[in-house]
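Undergrad: In UniProt numbering, the protein residues as written are 1 to 277. C-beta: ideal position from N, C-alpha, C; glycine also.
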């Protein structure tokens, strides 16, 4: 999870601070993104852990067969598939416990919606992998399994849904749930309320100005950025300064029998791009 935030999504001026202070952004779209991404990361890890036998004894390969049409084409089930069904079942109970069983308040419904979005996004990115078996590489038979795509693919889709997220409010309704989330769009003659789809990432509170220091943000002054790609966004158009620092690292390592590795310590100059005040 930390790798995803650090390596894939440090292109916005909020990510470096909200990953350390998620509670301060409750209800904002940044928090919604982190809920969806965290749930997707858990689903992905559990599904892969089942197929590698590194989790619970009750968690194993997904042995779900392909459709009748695919089986008719002589695909033979085999291999060890990532177990999405187990991860979905496990997370359904885990998230219900962690978010409370009352479940009818605004924030709980919001969190569950975005968590479910993250989990479903993992399911969407399962693909069929097959190996052919036969003499001289012929494909007389196939061993196939289902495998989830690299997590970056899932994260990229959730990032896109974050960018297209919709703001919602709550309405009292006469049913057992008590409340219902609705989106509102301004039109001539008044606002029109609609229920957000399962594919929408949703939030309720507007985000603050993450560029400047305030009660929600530490600001971006002095923050490191990539001068060829992210400085314009992270520094909020204020520009950046280049600072040269000297760092120490291991170098000229050699293996000594038996069994040590000896390294020298080298220094090198590194340029850092830091956002201006």
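#1: What is the rounded straight-line gap between the Cα of residue 239 and the Cα of residue 209?
#2: According to DSSP, is residue 277 helix, strand or coil?
#3: Helix, strand or coil: which one does DSSP assign to residue 228?
#4: If you count every other CB in all the chains shown that lies within 10 Å of the CB of residue 30, and 16 or more means buried, which is it?
#5: Hey, is the stretch 45-54 in contact with the stretch 82-89, meaning 3+ C-beta pairs nearer than 8 Å?
#6: Between residue 166 and the rest of its own chain, which residues show a CB-CB distance below 7 Å, the 5 nearest in sequence each way excluded?
#7: Might you give, ordered along the chain, the residues of its own chain that have their beta carbon closer than 6 Å to the beta carbon of residue 161, omitting 5 neighbours on each side?
#8: Would a C-beta distance cut-off of 8 Å place residue 146 and residue 126 closer than the cut-off?
#9: Which of the three DSSP states is assigned to residue 216 in this structure?
#10: State the start and end residues of the unbroken alpha helix (DSSP H) segment that holds residue 142.
#11: Quick one: grab the DSSP three-state call for residue 53.
#12: Alpha carbon to alpha carbon, what distance is there between residue 276 and residue 61?
#13: If I follow the unbroken beta strand (DSSP E) through residue 241, where does it start and stop?
#14: Quick one: is residue 245 buried, meaning 16 or more other Cβ sit within 10 Å of its Cβ, or exposed?
#15: For residue 149, tell me which candidate among 132, 105, 124 and 261 has the shortest Cα-Cα distance.
#16: Quick check: what's the CA-CA separation for residue 223 versus residue 233?
#17: Find out if the Cβ-Cβ distance for the pair residue 248, residue 271 is shorter than 8 Å.
#18: Just to confirm before moving on: does the CB-CB distance between residue 273 and residue 211 stay below 8 Å?
#19: Residues in its own chain within less than 7 Å of residue 214 by CB, not counting five upstream and five downstream?
#20: Using DSSP with H/G/I as helix, E/B as strand and the rest coil, what is residue 128?
#21: Pick from 110, 243, 35 and 263: whose alpha carbon is nearest that of residue 251?
#22: According to DSSP, simplified to helix, strand and coil, what is residue 31?
#23: Compare the Cα-Cα distances from residue 58 to each of 42, 35 and 87 and report the closest residue.
#24: What is the DSSP secondary structure of residue 203, counted as helix, strand or coil?
#25: Grab the span of the alpha helix (DSSP H) containing residue 162 for me, first residue to last.
#26: So what does residue 269 bridge to, in DSSP terms?
#27: Between the beta-carbon of residue 121 and the beta-carbon of residue 158, is there less than 8 Å?
#28: Suppose the cutoff is 7 Å on Cβ atoms and the five residues either side in sequence are ignored; what does the same chain contact list for residue 33 look like?
#29: Under a Cβ-count criterion, where at least 16 other Cβ atoms within 10 Å of its own Cβ denotes burial, should residue 229 be classed as buried or exposed?
TA: Put simply:
#1: 17 Å
#2: coil
#3: Secondary structure of residue 228 (DSSP, three-state): coil.
#4: buried
#5: yes
#6: 183, 196, 200 and 202
#7: 201
#8: yes
#9: coil
#10: Careful: residue 142 lies outside any alpha helix (DSSP H), inside the beta strand (DSSP E) at 141-148.
#11: coil
#12: 52 Å
#13: 240-256
#14: exposed
#15: 124
#16: Rounded to the nearest angstrom, the gap between the Cα atoms of residue 223 and residue 233 is 12 Å.
#17: For residue 248 and residue 271, no; Cβs fall outside 8 Å.
#18: Result no, Cβ atoms of residue 273 and residue 211 do not sit closer than 8 Å.
#19: 208
#20: Strand.
#21: 263
#22: Helix, per DSSP.
#23: The shortest C-alpha separation from residue 58 is found at 87.
#24: Note: residue 203 maps to strand in three-state DSSP.
#25: 151-163
#26: 246
#27: yes
#28: 158, 162 and 201
#29: exposed
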